[in-house]
Amino acid sequence: MAQPNLGKRKEHMVRVPEPVDVPELAAHAGYSQVSRYVADLLCDIAGRSDLKVGPDLVKEGQLPLTA
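With numbering that gives the first Met the number 0 as the guide, the letters of the sequence shown map in order to residues 0 to 66.
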């Protein structure tokens, strides 16, 4: 499925300590993509929540949002 254009982005590579399970954190927060989750965290830290994409997974027992 096609992804919406997220605007101009820069790529950054980070190394996270092994005990920190970033994919699990992302999934728990409702994200299917680790990079999208980390980008949203950085937007929060930078005070730019207007640039966040938000979670994309529907949790069990929750109805999907529609436009």
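Positions of the beta carbon are idealized from the N, C-alpha and C atoms, including for glycine.
- Residue burial is scored here from C-beta neighbours: residue 28 has fewer than 16 other C-beta atoms within 10 angstroms and is therefore classed as exposed.
- Spanning the alpha carbons of residue 57 and residue 32 requires a straight line of approximately 13 Å.
- Per DSSP, the continuous alpha helix (DSSP H) segment holding residue 22 begins and ends at 21 to 27.
- Around the beta-carbon of residue 39, 16 or more other beta-carbon atoms lie within 10 Å, marking it buried.
- DSSP places residue 34 inside the alpha helix (DSSP H), whose first and last residues are 33 to 44.
- Here DSSP, grouped into helix, strand and coil, assigns residue 50 to helix.
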